[in-house]
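Since the structure comes first, as structure tokens, the remarks are kept for the end.
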Amino acid sequence: MDFLTDFKPLTVQPQEIEGMSFNMIDEEFGAHSFKEEQYKIVQRVVHASADFELGHSMLFHEKAIQSGIKAIKNGEQVYADVQMIVSGVSKGRIEKHGGNVHVYISDEDVMKEAKRLNTTRAIISVRKAIQQFDGGIFAIGNAPTALLELIRLIKGGYAKPSLVIGMPVGFVSAPESKEELAKLDVPFITNVGRKGGSTVTVAALNALSLLAEKA
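Mapping to the working numbering: the sequence shown position 115 is 116, numbers consecutive.
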């Protein structure tokens, strides 16, 4: 089999590829009002998505970075709405402080309860999460229903997360769920509109854990 090609990549060294990508992002991103640590997260999100519009649409609670770093360094737990987030997160930087990344969406008890109540597994998995641990980081990139349920539980005083990274992608309730999150006085990282997803939620969480390494 012939793998020869006339195309030559600019580099095949991983660190050089990442560095070149970040330089391109900095050159093309343009003017913004993000603080330095916020931009570190925005930069990673753009790197993961190649979407500058998404990057510019990101919103941060004023205490989001500080609270997230503290949660990681204190070994607080991380809840993910789907397995894809667990697969993508650099877990070593979280586990070294005593934390773990948890997902309950496919647990048998969650599936049974969702069927009994005729509701989504995402909703039931959030309810299970707040019973499993206090505080923590909630990383939601796929299910708007999970984010809306978390918001309901926060408003009711049942959940007190240290940080909510809420960037679900989609058309039905996704933009609205993020709008509601941005109204809360809890530390959050989110974005405006339909864009988002597990990939960019992972990117934000990984960027935060890198900041925690340097804090």
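Every residue gets a Cβ at the ideal spot worked out from N, C-alpha and C, and that includes glycine.
**Item:** Rounded separation between K64 and I106 - CA only
**Value:** Working through the sequence shown from its first residue, we reach residue 64 at position 63. Working through the sequence shown from its first residue, we reach residue 106 at position 105. Going by the C-alpha atoms only, they are around 29 Å apart.
**Asked** If we ignore side chains and look at the alpha-carbon of each, how far apart do L60 and N192 end up?
**Response** Against the sequence shown, residue 60 aligns to sequence position 59. Against the sequence shown, residue 192 aligns to sequence position 191. Their backbone Cα atoms lie some 5 Å apart in a straight line.
**Item:** Backbone CA spacing between A115 and V173 [nearest angstrom]
**Value:** Here residue 115 is taken as the residue at index 114 of the sequence shown, counted from 1. Here residue 173 is taken as the residue at index 172 of the sequence shown, counted from 1. Rounded to whole angstroms, A115 to V173 spans 19 Å at the Cα level.
**Item:** Per DSSP, the bridge partner or partners of N101
**Value:** Position 100 of the sequence shown holds residue 101. The partner list for N101 (beta bridge, DSSP) is empty, contrary to what the question assumes.
**Request:** Report yes if the C-beta of D135 is less than 8 Å from at least one heavy atom of the ligand MG; otherwise report no.
**Result:** The ligand content of the structure shown is nil, which means the ligand MG is not present either.
**Asked** Counting pairs of Cβ atoms below 8 Å between the region 160–168 and the region 125–139, do you hit three or more?
**Response** yes
**Asked** Should K179 be labelled buried (16 or more other beta-carbon atoms within 10 Å of its own) or exposed?
**Response** Looking up residue 179 in the sequence shown gives position 178. Flag for K179 reads buried.
**Check whether Q78 and G137 have beta carbons under 9 Å apart** = As a working note, residue 78 is residue 77 in the sequence shown. As a working note, residue 137 is residue 136 in the sequence shown. Yes, the pair counts as a contact, with Cβ atoms nearer than the cut-off.
**Asked** Given that a residue counts as buried once 16 or more other Cβ atoms are within 10 Å of its Cβ, and exposed if not, what is E181?
**Response** Position 180 of the sequence shown, counted from the first residue, corresponds to residue 181. With 16 or more other Cβ atoms within 10 Å, it is buried.
**Request:** Report the residue ranges of all alpha helix (DSSP H) runs contained in full by the region 162–190; include only those spanning at least 4 residues, in chain order.
**Result:** 175–183
**Request:** Just list the alpha helix (DSSP H) runs in the region 12–90, keeping only unbroken ones of 4 residues or longer that don't cross its boundaries, in chain order.
**Result:** 15–30, 37–50, 53–57, 65–74 and 84–89
**Prompt:** Per the contact definition of three or more C-beta pairs closer than 8 Å, is the region 67–81 in contact with the region 15–35?
**Reply:** no
**Message:** Comparing C-alpha positions only, which one of F23, A123 and Q39 sits nearest to V83?
**Reply:** Mapped onto the sequence shown, residue 83 falls at position 82. If we check each option's Cα against that of V83, A123 comes out closest.
**Asked** DSSP on I138, reduced to helix/strand/coil?
**Response** Taking the first residue of the sequence shown as position 1, residue 138 is located at position 137. Strand.
**Request:** Can you check DSSP and say which residues form a bridge with N192?
**Result:** Within the sequence shown, residue 192 is the residue found at index 191, counting from 1. Partner(s): M59.
**Rounded straight-line distance, which links the Cα of E177 to that of T146** = Within the sequence shown, the letter at position 145 stands for residue 146. Within the sequence shown, the letter at position 176 stands for residue 177. Whole-angstrom Cα-Cα distance: 10 Å.
**Prompt:** Where H57 and R45 are concerned, what is the direct C-alpha to C-alpha distance, given to the nearest angstrom?
**Reply:** Taking the first residue of the sequence shown as 1, we reach residue 57 at position 56. Taking the first residue of the sequence shown as 1, we reach residue 45 at position 44. Their backbone Cα atoms lie some 12 Å apart in a straight line.
**Cβ neighbours of V102 in the same chain (closer than 7 Å, five flanking residues each side left out)** = The residue labelled residue 102 in the question sits at position 101 within the sequence shown. Excluding positions up to five away in sequence, the list reads V79, A81, V87, V90, K92 and I95.
**Message:** Between which residues of its own chain and L206 is the CB-CB distance below 8 Å, once the five residues before and five after are set aside?
**Reply:** Numbered from 1 along the sequence shown, position 205 holds the residue referred to as residue 206. Same-chain partners within the cutoff: V79, I86, V90, I138, A140 and I166.
**Backbone CA spacing between M2 and G197 [nearest angstrom]** = Translated into the one-based positions of the sequence shown, residue 2 becomes position 1. Translated into the one-based positions of the sequence shown, residue 197 becomes position 196. The predicted position of M2 is uncertain, since its pLDDT is 49 and thus under 50; a value taken from the coordinates is nonetheless stated next. Cα-Cα distance, rounded: 39 Å.
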